[in-house]
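Undergrad:
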Amino acid sequence: MTTQNFIAANKDRFLSELFDWLRIPSVSADSQYKGDVRKAAEFLKTKLSEAGVDKVEVCETKGHPIVYAEKIINPSLPTVLVYGHYDVQPADPLNLWDSPPFEPVIKDDKIYARGACDDKGQVYMHVKAFETMMKLNLLPCNIKFMVEGEEEVGSDNLGTFVKENKTKLKADVILISDTALISLEHPSITVGLRGLSYMEVEVTGPNRDLHSGVYGGAVANPINTLSNMIASLHDENGRITIPGFYDKVAELSASERESLNKAPFDLNEYKKELDITEVKGEKGYTTLERTGVRPTLDVNGIWGGYTGEGAKTVLPSKASAKISMRLVPNQVSSEITELFTKHIKAIAPPYVKVKVTAHHGGEPAVTPTNSPAYKAASKAFEEVFEKTPIPSRDGGSIPIVALFKKELGLDTVLMGFGFDSDAIHSPNEHYGIKNFMVGVETIVAFYKYYAKS
Ligand code: BES
Ligand code: MN
Ligand code: MN
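For the sequence shown, the residue numbers in this note's numbering are 2 to 454.
#1: Measuring only the C-alpha atoms, how far is SER329 from GLY64?
#2: Give me the Cα-Cα distance between LEU182 and SER189, rounded to the nearest whole angstrom.
#3: For VAL124 versus LEU45, is the C-beta spacing smaller than 9 Å?
#4: Within 10 angstroms of the Cβ of TRP98, are there 16 or more other Cβ atoms? Answer buried if so, exposed if not.
#5: With a threshold of 16 other CB atoms inside 10 Å of the CB of GLU18, please say whether the residue is buried or exposed.
#6: With respect to 8 Å, is the separation between the Cβ of HIS86 and the closest non-hydrogen atom of ligand 2 below this value?
#7: Report back the beta-carbon spacing between GLU364 and GLY245 to the nearest angstrom; my notes put them in contact at under 8 Å.
#8: Could you give the distance in angstroms between the alpha-carbon of ILE224 and the alpha-carbon of ILE73?
#9: In the DSSP assignment, find the beta strand (DSSP E) that holds MET200 and state where it starts and stops.
#10: According to the Cβ coordinates, are VAL192 and ARG39 closer than 9 Å?
#11: Under 9 Å between the Cβ atoms of SER29 and ASP119?
#12: Name all residues in chain order for which at least one heavy atom of ligand 3 lies closer than 6 Å to the residue's CB.
#13: Excluding sequence positions up to five away, which residues of its chain have a Cβ less than 8 Å from the Cβ of MET126?
#14: For SER100 and THR308, what's the separation of their Cα atoms in angstroms?
#15: Is ILE67 near ligand 2 - that is, is its Cβ less than 8 Å away from at least one heavy atom of it?
#16: I'd like to confirm the pairing. Which residues does DSSP put opposite ARG394 in its beta bridges?
#17: Please go through the same chain and pick out, in chain order, the residues whose beta-carbon is closer than 6 Å to the beta-carbon of LYS380, but skip the five residues on each side of it.
#18: Can you tell me which of the three DSSP states TYR84 falls into?
#19: Does the segment 55 to 69 come into contact with the segment 150 to 161, if we say contact requires no fewer than three beta-carbon pairs (one atom in each stretch) closer than 8 Å?
#20: If you follow the beta strand (DSSP E) that MET147 is part of, which residue opens it and which one closes it?
#21: When you compare only the Cα positions, how much space is there between MET134 and HIS86?
#22: When you compare the CB positions of PHE420 and GLY433, do they come within less than 9 Å of one another, or not?
#23: To the nearest angstrom, report how far apart GLU51 and ALA42 are at their CA atoms.
#24: The beta strand (DSSP E) that contains GLU58, what's its start and end?
#25: Do LYS272 and ASN301 have their C-beta atoms within less than 9 Å of each other?
#26: Looking at the strands, I want to know which residues DSSP matches up with GLU71.
#27: Judging by CA-CA distance, which residue of ARG115, GLU203, PRO66 is the nearest neighbour of ALA1?
#28: If you measure from the CB of ASP179, is any heavy atom of ligand 2 nearer than 8 Å?
#29: My output table needs one value for GLY160: the three-state DSSP class, helix, strand or coil.
#30: Could you check where the alpha helix (DSSP H) with HIS344 kicks off and where it finishes?
#31: Among ILE175, ASN138, THR226, which residue has its Cα nearest to the Cα of THR3?
#32: Alpha carbon to alpha carbon, how far is LEU289 from LYS388?
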């Protein structure tokens, strides 16, 4: 039986298993779901075991467990280490979902559920690709799986796990499906990811909430103050004003920019899909550059004062904001965190106190396009899509990629099959069934070409 036939013949079962996994609300951020996160890990363990691994374990960490599995067919053959995450983002706001987030449904050939694309659906392609290779006697090299349950909350315990298990994790390349494809007509392989510094700023004015009529106009309002501070973080050209912020940014050469901008991208479609009339960003750069190779600063949440129903007149004591910065090579997350902290303190007016806290961060990454693994991935796409995949830069972050390079000396191949429009982290997250199916097929082809190289 051919790979294609096997995958097609088992499509319904593959999907119904994935649906069972998606029904487990493995929300890592919310302690209420701790038990479900573990259930999702156990589910994966069972499925890997049924697919034919030699060994599979649910490894304890200080947080959520890591699922590790391996199939060693011959120690002298190369080993691929598959990384992914089985945890998902919180589903809220729930009222914006058209169907419940943990009750997967198919609509227009897409699976709607939290985690459908990020990342359970994409991890499951690897489980089923492995099963396919086992059943058809096609597995040409060794495979290890490391699937974590804390990616969406900053992978706090993964670094320790990697450092403590270097022998166990010994491999020749890392393979990850947790990124996006340009489209099915224009396949792509991600070759760059941005890094991240995630900060929280709290501004305190008076020692208590005040009546905005009695005190308003005489005492600084921390929400007004924080808003002004945030507004000052970009100049009129959309550049970030933090001193030193751009010092280490690697500028692309003219030819690199040209090839990046050759990627198929329809600005009108983009605007239409988001219901916006204009895009906005750093002056002098295209949208693809702004999301792929330029650093950014965004407020992710802002609160303070009264936000309940109706009107309450209040001059609040405190205001807060969560601010993230996406980083590009060769910015360093800890350095940017420090520059941000220093700058916020410097611009805070004397009539408020300011507290700056750093949340998780991560380093940007670029992956090589001349490695045997990249070339194997490229050939796999050519075989399945009948087109050479375009190397592309994604705006999201997978901090583990830089960590793998640093700790294990390994390069990563980012073979993602999602679309930017799949609404990951948003209501109505979905994943195309076609994406899932061609994903399984492409992964199987990857092993074939990789083992030959
Ligand atoms: N899979 C995403 C990252 C991603 C999305 C890469 C789209 C490329 C394209 C991952 O699960 C994620 O959400 N990462 C976080 C960072 C993490 C440290 C919480 C992110 O990018 O916000
Ligand atoms: Mn992900
Ligand atoms: Mn995510």
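Glycine included, each C-beta is placed from N, C-alpha and C at the ideal position.
TA: Checking against the coordinates, here is how it stands:
#1: Note that residue 329 corresponds to Val in the displayed sequence, not to Ser. So the two alpha carbons sit approximately 29 Å from each other.
#2: About 5 Å.
#3: Pairing VAL124 with LEU45 gives a Cβ-Cβ distance under 9 Å.
#4: With 16 or more Cβ atoms within 10 Å of its Cβ, TRP98 is classed as buried.
#5: Around the beta-carbon of GLU18, 16 or more other beta-carbon atoms lie within 10 Å, marking it buried.
#6: At least one heavy atom of ligand 2 is nearer than 8 Å to the Cβ of HIS86, so yes.
#7: GLY245 and GLU364 do not touch by the CB rule: their CB atoms are close to 17 Å apart, not below 8 Å.
#8: Rounded to the nearest angstrom, the two C-alpha atoms are 58 Å apart.
#9: Run containing MET200: 196 to 205, per the beta strand (DSSP E) assignment.
#10: ARG39 sits away from VAL192, with the two beta carbons spaced by 9 Å or more.
#11: SER29 places its beta carbon 9 Å or farther from that of ASP119.
#12: Going along the chain, the residues that qualify are GLN90, ASP119, GLU153, ILE425, HIS426.
#13: Answer for MET126: SER178, PHE418, PHE437, GLY440, VAL441, ILE444, listed in chain order.
#14: Distance between SER100 and THR308, taken at the CA atoms: about 27 Å.
#15: No, the Cβ of ILE67 stays beyond 8 Å of every heavy atom of ligand 2.
#16: As computed with DSSP, ARG394 is found in a beta bridge with GLY193.
#17: Within the same chain, and ignoring the five residues on either side of LYS380 in sequence, the residues whose Cβ sits closer than 6 Å to its Cβ are TYR450.
#18: It is a strand residue.
#19: Judged by Cβ distances under 8 Å, the segment 55 to 69 makes contact with the segment 150 to 161, as three or more pairs qualify.
#20: First-last of the beta strand (DSSP E) with MET147: 143 to 149.
#21: C-alpha separation (whole angstroms): 22 Å.
#22: Yes, Cβ-Cβ distance for PHE420 and GLY433 is below 9 Å.
#23: Each residue's alpha carbon lies about 14 Å from the other.
#24: Annotation for GLU58: the continuous beta strand (DSSP E) segment containing it runs 56 to 60.
#25: It is not a contact, given that the beta carbons lie outside the stated cut-off.
#26: GLU71 is bridged to LYS56, LYS145.
#27: No answer is possible for residue 1: it lies beyond the span of the chain, which begins at 2 and ends at 454.
#28: At least one heavy atom of ligand 2 falls within 8 Å of the beta-carbon of ASP179.
#29: Residue state, collapsed to three classes: helix.
#30: Its alpha helix (DSSP H) spans residues 334 to 348.
#31: Ranking the options by Cα distance to THR3, first place goes to ASN138.
#32: Roughly 21 Å separates the two Cα atoms.
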